[in-house]
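Participant: Numbering (this note's numbering), first residue to last: 574 to 980. Even for Gly, the Cβ is constructed at its ideal location relative to N, Cα and C. What follows is a single structure, and I will ask about it in a moment.
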């Protein structure tokens, strides 16, 4: 047997599965649907505990939720947030003398029962205080984009740590509308229009106890009409889940919520309630006949908090990620599941799609691996040849010694 054949047999390695055409996730998904069939179990297995496992894991990890509050100075942003979470966040009162808009973020650890929540509140300091308000929304846009970019950079790392990454992406924007009773300000429309593709916007009418009920109802209708006519997309409570579809559909009809915030507690009858006291009477924060605070808290925290988190990741972040990659010249696959090549504006050439880039790197890696394997095989063959030569030389010397001994 030739030495090269011996080497091939001795150096045989199983195929590690890196050769062959690349199978896209779409192909795997389609194949899985064709090859999947339903079976009945003859007894209990135990994977019905997966939801409980997921709940336990989530409780152990804790949750994060990030709120952006936008509104003019003194409109009651901090008071409403304090009232929503039934605590005092000790936010310093801002003045009207701010040269420009800046964003101030504070993170707090909250716990209710055995659930931990890392809550970040981002406040817009000086919003609407400048004489020239044309670009008041730009620092807010830049801040939201910066949080998306930070997450994207973490996601693109070779060694990612998303498990314990502090997600600072904004999950909801509470947009505080001044209770003028007439119409939205130009600044309000301009800001919400520039933010609706980046964040879930829930508009609220602040200090709703300063206008009458009839005026308030007309104001709500006017606001929604102006939002629709200007193409502003606000967050709609989801109606695809049957368990909450009815209540969410009803609450969508109450937008924008007319709210009153107060941390002051008053005794009314035998109950102590959060309220605001005026010479003409008392406004109870949690009385639905007085304002929509309970509706806001129910929709924001109790019912749709997870959907807000999900929409941030699946809709707004994905849009940012896609736009960023397209700006770099990357494109997705075409109708026939083939990579789309697009012109590079900086060169007279074409940029590769992400799939093409991955494939090129993959084939390059496979080529390098095969080259190393061939070099090791050749080295092994050479060593076998050298060993065979030594054995033959030893046999020849033994034969010479034998002839000499018996000669």
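What do you reckon, are the CB atoms on residue 649 and residue 674 nearer than 8 Å?
Facilitator: Position 76 of the chain shown, counting from 1, holds the residue named residue 649. Position 101 of the chain shown, counting from 1, holds the residue named residue 674. No, the pair does not count as a contact, with Cβ atoms beyond the cut-off.
Participant: I'd like to know if the segment 640 to 659 and the segment 771 to 781 are in contact, where contact means that at least 3 CB-CB pairs between them fall below 8 Å.
Facilitator: Yes, they touch.
Participant: Could you spell out where the alpha helix (DSSP H) holding residue 710 opens and where it closes?
Facilitator: Within the chain shown, numbered from 1, the residue matching residue 710 stands at position 137. Run containing residue 710: none; DSSP gives neither H nor E here.
Participant: Could you check what DSSP says for residue 687 in three-state terms: helix, strand or coil?
Facilitator: Your numbering for residue 687 matches position 114 in the chain shown. Residue 687 falls in the coil class under three-state DSSP.
Participant: Give me, in chain order, the residues of the same chain whose beta-carbon lies closer than 6 Å to that of residue 536; leave out the 5 immediate sequence neighbours on both sides.
Facilitator: Residue 536 lies beyond the stretch modelled for the chain, which goes from 574 to 980, so this question has no answer here.
Participant: One question on the structure: do residue 828 and residue 878 come within less than 8 Å of each other, judged by their Cβ atoms?
Facilitator: Indexing the chain shown from 1 puts residue 828 at position 255. Indexing the chain shown from 1 puts residue 878 at position 305. It is not a contact, given that the beta carbons lie outside the stated cut-off.
Participant: Of all the options 822, 807, 806, which has the alpha carbon lying nearest to the alpha carbon of residue 813?
Facilitator: Translated into the one-based positions of the chain shown, residue 813 becomes position 240. It is 822.
Participant: Between the segment 759 to 774 and the segment 707 to 714, are three or more C-beta pairs nearer than 8 Å?
Facilitator: Flag = yes, the segment 759 to 774 and the segment 707 to 714 touch.
Participant: One question on the structure: do residue 849 and residue 833 come within less than 8 Å of each other, judged by their Cβ atoms?
Facilitator: Counting from one through the chain shown, the residue named residue 849 turns up at place 276. Counting from one through the chain shown, the residue named residue 833 turns up at place 260. Yes, the pair counts as a contact, with Cβ atoms nearer than the cut-off.
Participant: Within 10 angstroms of its Cβ, does residue 803 collect 16 or more other Cβ (buried), or is it exposed?
Facilitator: As a position in the chain shown, residue 803 is number 230, starting the count at 1. With fewer than 16 Cβ atoms within 10 Å of its Cβ, residue 803 is classed as exposed.
Participant: The beta strand (DSSP E) that contains residue 750, what's its start and end?
Facilitator: For the purposes of this step, residue 750 is identified with residue 177 of the chain shown, where counting begins at 1. 745 to 750 is the span of the beta strand (DSSP E), which, as asked, contains residue 750.
Participant: Would residue 794 and residue 754 qualify as a contact pair, given that the criterion is a beta-carbon distance under 8 Å?
Facilitator: Your numbering for residue 794 matches position 221 in the chain shown. Your numbering for residue 754 matches position 181 in the chain shown. No, these two residues do not count as a Cβ contact at 8 Å.
Participant: Counting beta carbon pairs with one atom in the segment 627 to 636 and one in the segment 679 to 693, are three or more of them shorter than 8 Å?
Facilitator: Result yes; three or more Cβ-Cβ pairs closer than 8 Å.
Participant: Judging by CA-CA distance, which residue of 683, 858, 824 is the nearest neighbour of residue 839?
Facilitator: Indexing the chain shown from 1 puts residue 839 at position 266. Per the Cα distances, 858.
Participant: Look at residue 775 and residue 695 and say whether their C-beta atoms are less than 8 Å apart.
Facilitator: On the chain shown, residue 775 is found 202 positions in, with the first residue counted as 1. On the chain shown, residue 695 is found 122 positions in, with the first residue counted as 1. Against a cut-off of 8 Å, the Cβ pair of residue 695 and residue 775 comes out as no contact.
Participant: By how many angstroms is the C-alpha of residue 628 removed from the C-alpha of residue 683?
Facilitator: Here the question's residue 683 lines up with position 110 in the chain shown. Here the question's residue 628 lines up with position 55 in the chain shown. Distance between the alpha carbons of residue 683 and residue 628 is about 18 Å.
Participant: Taking 8 Å as the threshold (C-beta atoms), are residue 762 and residue 714 in contact?
Facilitator: Within the chain shown, residue 714 is the residue found at index 141, counting from 1. Within the chain shown, residue 762 is the residue found at index 189, counting from 1. No. Outside cutoff.
Participant: Pick helix, strand or coil for residue 581, following the three-state DSSP scheme.
Facilitator: Locating residue 581 in the chain shown gives position 8, where the first residue counts as 1. Confidence at residue 581 is low in this model, with a pLDDT of 42, below 50, so its placement is unreliable and the value that follows should be read with caution. Residue 581 falls in the helix class under three-state DSSP.
Participant: Excluding sequence positions up to five away, which residues of its chain have a Cβ less than 7 Å from the Cβ of residue 922?
Facilitator: Stepping through the chain shown from its first residue, residue 922 is reached at position 349. With a pLDDT of only 46 at residue 922, under the threshold of 50, the placement of this residue in the model should not be trusted; the figure read from the coordinates follows. Here the set comprises nothing.
Participant: Ends of the beta strand (DSSP E) at residue 839?
Facilitator: Translated into the one-based positions of the chain shown, residue 839 becomes position 266. From DSSP, the beta strand (DSSP E) with residue 839 extends over 838 to 841.
Participant: Between 866, 725, 871, which lies nearest to residue 820 when the distance is taken from Cα to Cα?
Facilitator: Residue numbering aside, residue 820 sits at position 247 when the chain shown is read from its first letter. Closest option to residue 820, Cα to Cα, is 871.
Participant: Going by the CB atoms, is the gap between residue 770 and residue 676 shorter than 8 Å?
Facilitator: Start at 1 with the first residue of the chain shown, and residue 676 comes out as number 103. Start at 1 with the first residue of the chain shown, and residue 770 comes out as number 197. Contact flag unset, no.
Participant: What are the boundary residues of the alpha helix (DSSP H) that residue 650 is part of?
Facilitator: Indexing the chain shown from 1 puts residue 650 at position 77. First-last of the alpha helix (DSSP H) with residue 650: 650 to 657.
Participant: Do you know offhand how far residue 742's Cα is from residue 662's?
Facilitator: The residue given as residue 742 occupies position 169 in the chain shown. The residue given as residue 662 occupies position 89 in the chain shown. About 20 Å.
Participant: Short of 7 Å in beta carbon distance, which residues of its chain neighbour residue 888, apart from the five on each side in sequence? Order them along the chain.
Facilitator: One-based indexing of the chain shown puts residue 888 at position 315. Within the same chain, residue 888 has no close Cβ partners at all.
Participant: Which residues in the same chain as residue 744 place their Cβ atom closer than 6 Å to its Cβ, once the five residues preceding and following it in sequence are excluded?
Facilitator: Here residue 744 corresponds to residue number 171 of the chain shown, with the count starting at 1. 638, 639, 881, 882, 885.
Participant: Would you mind giving the Cβ-Cβ distance between residue 748 and residue 643, rounded to the nearest angstrom? I have them listed as a contact below 8 Å.
Facilitator: By 1-based counting over the chain shown, the position of residue 748 is 175. By 1-based counting over the chain shown, the position of residue 643 is 70. About 5 Å separates the two Cβ atoms, so the contact holds.
Participant: Under a Cβ-count criterion, where at least 16 other Cβ atoms within 10 Å of its own Cβ denotes burial, should residue 757 be classed as buried or exposed?
Facilitator: Taking the first residue of the chain shown as 1, we reach residue 757 at position 184. Residue 757 should be labelled buried.
Participant: Using alpha carbons as the reference points, say which of 874, 965, 737 lies closest to residue 656.
Facilitator: As a working mapping, residue 656 is identified with position 83 in the chain shown. Of 874, 965, 737, the residue nearest in Cα terms is 874.
Participant: Inspect the beta-carbon positions of residue 727 and residue 736 and report whether they are closer than 8 Å.
Facilitator: By one-based count along the chain shown, residue 727 stands at place 154. By one-based count along the chain shown, residue 736 stands at place 163. No, these two residues do not count as a Cβ contact at 8 Å.
Participant: In chain order, what residues of the same chain have a beta carbon less than 6 Å from the beta carbon of residue 716, not counting five sequence neighbours either side?
Facilitator: Indexing the chain shown from 1 puts residue 716 at position 143. Excluding sequence neighbours, residue 716 sits near 676.
Participant: Between the C-alpha atoms of residue 946 and residue 967, what's the straight-line distance to the nearest angstrom?
Facilitator: Position 373 of the chain shown, counting from 1, holds the residue named residue 946. Position 394 of the chain shown, counting from 1, holds the residue named residue 967. Distance between the alpha carbons of residue 946 and residue 967 is about 31 Å.
Participant: Quick one: using the 10 Å Cβ neighbour count with 16 as the cut-off for buried, is residue 954 buried or exposed?
Facilitator: The sequence position of residue 954 within the chain shown is 381, counting from 1. Buried, because 16 or more other Cβ atoms sit within 10 Å of the Cβ of residue 954.
Participant: Exposed or buried, residue 652, counting other C-beta atoms within 10 Å across all chains shown (16 or more means buried)?
Facilitator: Along the chain shown, one-based indexing puts residue 652 at 79. By the 10 Å Cβ count, residue 652 comes out buried.
Participant: Could you pull the start and end residues of the beta strand (DSSP E) that residue 766 belongs to?
Facilitator: As a first step, residue 766 must be located in the chain shown, where it is residue number 193. It is not in any beta strand (DSSP E) - residue 766 instead sits in the alpha helix (DSSP H) that spans 759 to 768.
Participant: To the nearest angstrom, how far is the alpha carbon of residue 997 from that of residue 944?
Facilitator: Coverage of the chain is limited to positions 574 through 980, which leaves residue 997 absent and any answer about it impossible.
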